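Structure first, then comments.
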Amino acid sequence: MVLPKLSEEKVKGKSVLLRLDLDVGIDTSRIESAKETLNFLVENSAKTIIIGHKGRPNGVKVDNLSLEGLIPVLSKLIGKEVIFEGEGEVVLKENLRFDPGEETNDENFAKKLAGLADIYVNEAFAVSHRAHASIVGVPKYLPHAAGFRFIEEVANLSKIIESPKRPVIVLISGIKEDKVEMAKELAEKVDKVLVGGKLPKYFGDVNPNPKKIIIGDLTFDGADITLDSAQRFKAEIAKAGTIVLAGVLGKYEEEDYRQGTKEVFRAVSQASAYKVAGGGDTEAALTMLDLTKKFDWISVGGGAMLEFLASGTLPGIEALKKRANINVERR
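Every number in the working numbering is 944 more than the matching position in the sequence shown, counting from 1.
This is the structure in structure tokens:
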């Protein structure tokens, strides 16, 4: 997949609208993953305008979802003062989702954002499965490129689609019910899908694809998978050529419910397969278990990673592949 690269854009002296994933809590690793892109822009004297979102304010201003609190994180990351909603070399704008036009991909809102800069850069792979104004709207009106991390994400995940070492196993877990449909889609593309977390409850008593999907059994309180399920998962993992880890197996934050996650994650880390993991809880659990260095790639986005593997692309990727119709008035 060929995407326009930031390194090929002439950004010196230009203003750049940089879409980052700023929907973070205590763990700011998603922001830190954009360091190379931020440094490139700063070193090339580009005026950098950072945009992003936090939470789900539903189109209204919510004080505790303001992005202003990220100023110290961004300033420390690049070693330069970042200005909030003002004028400067590096500026952070307020939460995009305070405007309803962001999530509805309103054309006027997209044009308003595009009018802030000369070039658009997407360094928010984790939210590029959302057809929102800052992801798919803005690239219509500005020359655009993918950030350095974005390019790496696509390259590493493409290996699983294009020429994977088989069998390919996806372990999908968590608490979001929409992952059930994703598990069904992935079962059509890979060799085995292992299902844990709360997802077995959502499947009910019917396995839609028993040859491909292995649904774990939950403990009586539903907070973890059973030891027998962990053993069944480990047996499949031992045979894998490629493993995708997306979601924790139980309520791993509490030691009493960590057994499934610990057993399965360690088995994956010890496998000789090509190993990829993605998602906030997944990365947090891997960090807790000191297993991150055992993986070939850790994606910044769980949902985006799974959708990319299922469909081979994302709305944000398709937007970058199209040529811009540059016809907006600069502000």
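Idealized CB from N, CA, C, for every residue including glycine. Since we're looking at a predicted model, the values are computed, not measured.
7 Å Cβ cutoff met for residue i and residue j
i, j, result
"H1073", "E1251", "yes"
"K949", "S989", "no"
"T972", "V1017", "yes"
"Y1146", "T1186", "no"
"G1245", "G1191", "no"
"I1159", "V1139", "yes"
"D965", "A1058", "no"
"I1105", "G1222", "no"
"V1124", "L1130", "no"
"A1229", "K1195", "no"
"L961", "L1101", "no"
"A1127", "I1181", "no"
"T1236", "F1092", "no"
"I1022", "V986", "yes"
"I995", "L1040", "yes"
"D967", "K998", "yes"
"K1183", "S1213", "no"
"D1135", "P1111", "yes"
"S1243", "E1097", "yes"
"E1029", "E1038", "yes"
Limits of the beta strand (DSSP E) - the one that residue i falls within
i, result
"Y1146", "Taken as a continuous stretch (DSSP letters only), Y1146 belongs to no beta strand (DSSP E), being part of the alpha helix (DSSP H) at 1143 to 1147."
"V1006", "From DSSP, V1006 is part of no beta strand (DSSP E); its letter is neither H nor E."
"G906", "Outside the modelled stretch of the chain, which goes from 945 to 1275, sits residue 906, for which no answer is possible."
"L961", "959 to 964"
"V1124", "Here V1124 belongs to no beta strand (DSSP E); instead the alpha helix (DSSP H) covers 1123 to 1131."
"A1190", "1186 to 1190"
"T992", "991 to 995"
"K954", "Here K954 belongs to no beta strand (DSSP E), and DSSP marks it neither H nor E."
"V1114", "1112 to 1116"
"I1242", "1241 to 1243"
"K1136", "1136 to 1139"
Residue i beta carbon near the ligand HEM (any heavy atom closer than 6 Å)
i, result
"G969", "For the ligand HEM, the structure offers nothing, since it holds no ligand at all."
Expected contact under 8 Å - CB spacing of residue i and residue j to nearest Å
i, j, result
"L1115", "V1188", "7 Å"
"T992", "V946", "So it is not a contact: roughly 25 Å between Cβ atoms."
"S1019", "E1025", "6 Å"
"A1070", "R974", "6 Å"
"A1248", "L1264", "Their Cβ separation, rounded to whole angstroms, is 14 Å, which puts A1248 and L1264 out of contact at 8 Å."
"L1171", "Q1203", "7 Å"
Host alpha helix (DSSP H) of residue i (start-end)
i, result
"A1099", "1092 to 1106"
"T1170", "Taken as a continuous stretch (DSSP letters only), T1170 belongs to no alpha helix (DSSP H), as it is neither H nor E."
"T1205", "1203 to 1214"
"I975", "973 to 976"
(message) Just to confirm the assignment: which complete beta strand (DSSP E) runs, minimum length 3, are found wholly within the stretch 1033 to 1066?
(response) For the stretch 1033 to 1066, whole beta strand (DSSP E) runs of length 3 or above, ordered along the chain, are 1034 to 1036.
(request) Could you tell me whether the stretch 1057 to 1067 touches the stretch 1075 to 1084, using the rule of 3 or more Cβ pairs below 8 Å? (result) With the cut-off at 8 Å, the stretch 1057 to 1067 and the stretch 1075 to 1084 touch.
(request) Take every Cβ of the stretch 1202 to 1216, pair it with every Cβ of the stretch 1174 to 1184, and state whether three or more of those distances are shorter than 8 Å. (result) Three or more Cβ pairs closer than 8 Å define a contact, and the stretch 1202 to 1216 meets that threshold against the stretch 1174 to 1184.
(request) Answer yes if the stretch 1260 to 1268 comes into contact with the stretch 1082 to 1102, meaning at least three C-beta pairs across the two stretches below 8 Å, and no otherwise. (result) With a cut-off of 8 Å, the stretch 1260 to 1268 and the stretch 1082 to 1102 count as touching, because enough Cβ pairs lie within range.
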